[in-house]
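Structure first, commentary second.
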Amino acid sequence: GLNSPFTDVPVIDPTGGLGDLGQGVIRAVSEMAFKSDPLRLLRAVRLAAELGFVIDAQTEALIKNSGHLIAGVAGERSREELARLLAVPNSEPLWPYLDRLGLITALIPELAPAKGVAQPREHTWDVLSHSLRTIAAVDFLLRQGSWQYASQEVLNLVPWSPELAQHFGQRVSGSTRRTLTKLAALLHDIAKPQTKMVDQSGRTRFLGHAGEGATITVSILKRLRFSGQEIRLVETMVRHHLRPPQMSQQGELPSQRAIYRYFRDSGQAGTETLFLSLADHLATRGPNLDLANWREHAELVAYVISQHSRQEERVAPAKLVSGHDLVSIFGLSPGPKIGQILEAVGEAQASAEITTRQQALAYIANLLKSSTGEPGL
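Just so we're aligned: 37 in the UniProt record's numbering is position 37 of the sequence shown, and the numbers increase by one with no gaps anywhere.
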């Protein structure tokens, strides 16, 4: 056969790579390995995680001393390796390990101030540790990994379906929605250090950290050359990560209008943000999870997802009125007011308050007649 001349040729292996392979060890063959391509620092850890290998102690020490080299790597190459790290499932041990090696803050220096920032008493971990655990919690909720602090009972309360699995597997530019949700988990509290304050009652607050964090997130992801679509999705998740539990009073389910407005504001990232809020909850409480609170949060998420599908069905078949109607029937002149009225009609239609064209026209007449009007009208 073709291969027979080569069967007895000895393998030339001066660095003992075959032995390492057999024992599941990753070892740098020289100190120059990371200098010649600093991305190998991240790749070594990713390969260890993917293959179940370990990095030998000398190489580990070399990695710890070489993290600063990552700053010199082109943004798009760093992005590719970060996306691959985020795609690794069952990531509970991976991210704390990357942090111990100093690689997370080498790649994203904006996360450095989050190290050691203490949080209010309901939190188990400091800001950076919490963020890293939120990544693992996303994997757990998306049925991609374990979570050492929770039982199957905790997971069973969280909605799941073939449609949701397909949704999180969808690609947005280069990355899946699952990967981008984990990226938002890493960055969601990035502005906590600079927004930290203690109020009059002595409680620690982080007012405005979600909005400010969204701004920082955009600058990081632009530097790493993520696509515009990917950036918008992650920015939206960070901006709205506190919003799901705020959609209603505690113990109550949100109104149809609250659900409509939530998806209007969170757009393409609505479902992801709901799951991020659940992951945030798990990574806040850790071993001290209160099952009753968790059940309430999970039921809210399940309800919002199911109601959103119904709202889309109500609005999808046909718009009841058009901008042309507002001009011809009500004598309005073209301008922003028309858009505001159509938005209000869409909200009422999604909320099942109006279902026919006649009701829509009466609703508009009322809007225009009422002296106070809708906000902004």
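All residues carry an ideal CB built from backbone N, CA and C; glycine is no exception.
Within the stretch 168-226, the complete alpha helix (DSSP H) segments of 4 residues or longer fall at 177-187, 192-195, 209-223, listed in chain order. The residue from L361, Q194, S151 with its alpha-carbon nearest to that of V127 is Q194. If you compare the alpha carbons of A350, V345, Q349 with that of A365, the shortest gap goes to V345.
Rounded to whole angstroms, the separation of the alpha carbons of T273 and A298 is 13 angstroms. A direct Cα-Cα distance of roughly 34 angstroms separates E122 from R223. The DSSP-derived three-state label of I26 is strand. Taking the Cα of Q268 as reference, the smallest distance to any Cα among G251, F206, H308, I63 is reached at H308. Exclusion of the five residues before and after I190 leaves E110, L111, A114, G213, I216, T217 as the residues of its chain whose Cβ lies within less than 7 angstroms of its Cβ.
Its chain contains Q256, I259, Y260, F263, A350, S351 as the residues whose beta carbon lies nearer than 8 angstroms to that of Q311, once the 5 sequence neighbours on both sides are disregarded; these appear in chain order.
Taking the Cα positions, E163 is about 14 angstroms away from F275. When C-alpha distances from I55 are compared across A44, G116, A33, the shortest belongs to A44. Residue pairing by DSSP places V54 opposite V25 in a beta bridge. When DSSP states are grouped into helix, strand and coil, W95 belongs to the helix group.
For Q144, the secondary structure class from DSSP, reduced to helix, strand or coil, is coil.
Listed in chain order, the non-local C-beta contacts of A48 below 8 angstroms within the same chain comprise I26, V54, I55, local neighbours out to five positions each way being set aside.
Per DSSP, the continuous alpha helix (DSSP H) segment holding H240 begins and ends at 228-240. Put simply, the stretch 124-144 does not touch the stretch 62-82. Fewer than three CB pairs are less than 8 angstroms apart.
Here H281 is buried, its C-beta having at least 16 other C-beta atoms within 10 Å. The way I'd put it, the stretch 29-42 does touch the stretch 80-93; three or more beta-carbon pairs between them come closer than 8 angstroms. The C-beta distance from I220 to I108 rounds to 6 angstroms, short enough to fall under 8 angstroms.
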